[in-house]
Structures are given as C-alpha cells and as structure tokens.
Amino acid sequence: MAPLQSGDIERILIDRSTIATRVAAMGEEIASDLELATGADRLVVVPVMTGALVFAADLVRTLPMRLRLELLEASSYPGASTTSQGVTLSEGPVGELTGAHVLILDDIFDSGRTLAAVKRLVAEHNPASVRTAVLLRKLVERAPDVSPDMEPDYVGFDVPNEFVVGYGLDHDGWYRNLPDIGVLGQSD
Ligand code: IMP
Ligand code: MG
C-alpha cells in the first residue's frame, strides 16, 4: 500500500482546530450580516466544486437560517498542473437563483478568475444579493482582468503564495481529505 499521504506534506500551515474556530466565526458573521443587511431568512449557498466541498459542509452547519445548496463545478488546474490554465465552468443547470440571496463559496482566491466567472454566471440569474466567502486568500497580485471589486466579502485566512492542499484543496485530485491545510513537499 502507498505510504500515508500526510507524509507528502512539508509543513502544516493551518491546523484543523484553527480552521474549525475560524469557520464558525465566519458563519456567525455571515448570518448576522445577512439578517442586518437584507432581513433575509433564507439563502441559496453555491459552493464551487470540488475544492469548496469540505469548507461548505462545515460552514453551512454553522448557518441557522433556511438554506438550499446549489453546486457549481469549476476547474482551472487540470491534471497535475499548479498554475491556472483558465477557468472552465460546468454547463449543468443551476437551480433557481432569481430573487434569491446567494452566498458563493470557494476554497481559495488566487488569480481571482474563478470567483469572477462564478459571480458573472450567478448575476445572469438576477439574484436579490450576492456575497462571496473563501476559506483562503493568496497574497498575490490578482489577474489583470479581475477587478478589485471581485475581492471576496469574507476571507478565512490570508496565505502566502505556495501551493496548499488539504481540507478540500487538491493536487491532481489528491489530498482533499487531509483535515489540516499544508504545503506540499517537493516530489522527485
Ligand atoms: P483562481 O481562479 O486563480 O482564483 O483559483 C482558484 C481555484 O484554483 C480554486 O478554486 C482552487 O480550486 C484552485 N487553487 C488555487 N490555488 C490553489 C492551491 O494552492 N492549492 C490547490 N488549489 C488551488
Ligand atoms: Mg476550485
């Protein structure tokens, strides 16, 4: 059997208990903002698959209001690449977003292109409001075609410009199940 995958991690950047504490605080902040700003008592949460799966599963369980989940699939790192190759959104139908208060979730904000593309798609459905939350935001320059108003409304942690995995984030599809977020070691 292959060695335990946690051995591939060079160092842990954010451990599971730090993640849990922060995700709970984000949930409280989002819930109270939504109620204050819109009086909304229901929400449509749109996690960007597959990276946001674990974050979304934890975050929605901290949100007390009535909510629906509508999954969207995006990919920008085909195969084992670690540099973005441009965003592809899945063509599948998106559930009813018209007039809804929408919360888009993603694992990490890097060039900003994924969130910008998802926001554009959601906006085409004329929602009542759109908010965005990401677990991680990389401290890098955004892509030149991504405007500053695409910065996420809620950010769990700012992270350095390194390729990170775990808690939903993958490399070539692997490592999503690691409970902590870590930096991959150099493979040979
Ligand atoms: P952006 O479009 O460049 O902002 O990239 C966002 C998407 O790329 C995220 O949804 C992630 O799935 C993926 N991504 C960006 N950086 C990393 C990383 O360090 N590890 C794993 N996935 C990443
Ligand atoms: Mg992703």
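Per numbering that gives the first Met the number 0, residue 0 is the first one in the sequence shown, and the count goes up by one each step.
From the three backbone atoms N, C-alpha and C, an ideal C-beta is built for every residue, glycine too.
It should be emphasised that the depicted structure is a prediction, and the values quoted were computed from it without experimental measurement.
- Listed in chain order, the alpha helix (DSSP H) runs fully inside the segment 21–59 are 52–59, counting runs of at least 4 residues.
- For Arg41, the closest C-alpha among the options Arg21, Met25, Arg67 is that of Arg67.
- About 6 Å separates the Cβ atoms of Val182 and Val163, confirming a contact at the 8 Å cut-off.
- When the beta-carbon positions are compared, Asp152 and Thr131 come within less than 9 Å of each other.
- Distance from the CA of Val117 to the CA of Leu12, rounded to the nearest whole angstrom, comes to 27 Å.
- With respect to the 9 Å criterion, Leu114 and Met64 are not classified as neighbours on the basis of their beta carbons.
- Within its own chain, the residues whose Cβ lies closer than 8 Å to the Cβ of Glu27, once the five positions on either side in sequence are excluded, are Thr61, listed in chain order.
- Scanning its chain for C-beta atoms nearer than 8 Å, with the 5 sequence neighbours on each side dropped, one finds around Ala36 the residues Ser128, in chain order.
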